[in-house]
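For reference, the structure discussed in these notes is given below.
Protein chains: 2
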Amino acid sequence: MKGILLFGHGARNPEWAQPFHRIRDAILAREPAALVEPGFLELMRPGFDEAVDCLVRQGATEITVVPIFMAAGSHIRKDLPQMAANAMDRHAGLLIALAAPVGEAEPVLAAMADYAINAAPEI
Amino acid sequence: MKGILLFGHGARNPEWAQPFHRIRDAILAREPAALVEPGFLELMRPGFDEAVDCLVRQGATEITVVPIFMAAGSHIRKDLPQMAANAMDRHAGLLIALAAPVGEAEPVLAAMADYAINAAPEI
């Protein structure tokens, strides 16, 4: 069974996690049977490992990690592959695939552009 | 005249700025006369101040800062208002408005949810 891990940086302010819960809710609204959990790099729980373990407990055998990042900085290029490798070592038979950051997806950028235009009326 | 400042965190990898240029291009494709520039908090140029000065040189008298952030962490809650206040002090008559982070916009979150579902086929 497949799962989705919404990977975020994390922040000290607990409200920072809200968009991740809203993305999760939007996924579940479209795919009620989906296994989807947020997982954060730092400052916030659940951490990446906790999210992987949670998805595995729910029956996930393949996890697609979707970085909710604008682009691939060092956290995505270095930290994430290492965390994914460690998680696959920890869970025999688990496959983890890493998607490109959402900020590289054209429809996401188009939605951001629309938002920026609407945020600056009379442009 | 109004301008849009696409405010990002910045990263060491120059490619990290690409989504900001793509958002800028998407805005200009819809609004060819728009004044729009990226501006970064750290690690990357142009910095916020450089972006403000660039927009002012182009004739902007009102700048809407659109945080290309998932949510309002301390950079948005504390650093950004101070940088905006300093920029208004530096430019007599300039008005700077701060929009909510793009990650709080429903259409942006919906696009991210779609991307996540498509990134994990057979969900």
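As they're listed, the protein sequences go chains S and A. Those letters in the first sequence? Residues 1 to 123, by the UniProt record's numbering. Those letters in the second sequence? Residues 1 to 123, by the UniProt record's numbering. Built from N, CA and C at the ideal position, the CB exists for glycine as well.
Short CB-CB distance (under 8 angstroms) between residue i and chain A
i      : result
S/K78  : no
S/E37  : no
S/I117 : yes
S/V66  : yes
S/M88  : no
S/L55  : no
S/E42  : no
Own chain residues within Cβ distance below 6 angstroms of residue i, not counting five before or after
i      : result
S/F7   : G39, V65 and P67
S/K78  : none
A/L55  : G3, L35, E37 and I63
S/A113 : none
A/F48  : G39 and M83
A/A33  : none
S/Q58  : L35
A/R30  : none
A/R12  : L43
Close-in-space but distant-in-sequence residues of the same chain around residue i (CB under 7 angstroms, 5 per side omitted)
i     : result
A/A51 : L5, E37, P38 and G39
A/A92 : none
S/A84 : V65, I96 and L98
A/F20 : L6, G8, P38 and I68
Cβ shell of residue i (< 8 angstroms), same chain only, five flanking positions each side left out
i                      : result
A/A60                  : M1, K2, G3, L35 and L94
A/V108                 : V102
S/A81                  : Before going further, note that residue 81 of chain S is Pro rather than Ala in the sequence given. These residues qualify, in order along the chain: L98.
residue 135 of chain A : Since the displayed chain A opens at 1 and closes at 123, residue 135 of chain A lies outside it and no answer follows.
A/D89                  : none
Short Cβ contact (8 angstroms threshold) for residue i with residue j
i      : j      : result
S/P101 : S/F69  : yes
A/E42  : A/G10  : yes
A/I27  : S/I117 : yes
A/A17  : A/M44  : yes
A/A71  : S/Y115 : no
A/A111 : S/A111 : yes
Chain S contact for residue i (CB, 8 angstroms cutoff)
i     : result
A/V52 : no
A/R12 : yes
A/M70 : yes
A/G47 : no
A/G8  : yes
A/G59 : no
A/Q82 : no
Legend entry - Where the region 20 to 34 of chain A meets chain S: residues whose CB sits under 7 angstroms from a CB there: Against chain S - using a Cβ distance shorter than 7 angstroms - the residues of the region 20 to 34 of chain A are R22, I23, A26, I27, R30, E31 and A34.
Inset, instruction - Could you name the residues of the region 93 to 119 of chain A whose beta carbon sits closer than 9 angstroms to any beta carbon of chain S, in the order they occur along the chain? - result: Result list: A97, A99, A100, P101, V102, G103, E104, A105, E106, P107, V108, L109, A110, A111, M112, A113, D114, Y115, A116, I117, N118 and A119.
Inset, instruction - Please list the segments of the beta strand (DSSP E) lying wholly inside the region 14 to 40 of chain A, counting only runs of 3 or more residues, in order along the chain. - result: Every beta strand (DSSP E) of 3 residues or more that sits fully in the region 14 to 40 of chain A is shown, in chain order, as 35 to 40.
Inset, instruction - Identify every run of the alpha helix (DSSP H) within the region 64 to 96 of chain A, keeping only runs that are complete inside it and at least 4 residues long; order them along the chain. - result: The qualifying runs are 80 to 90.
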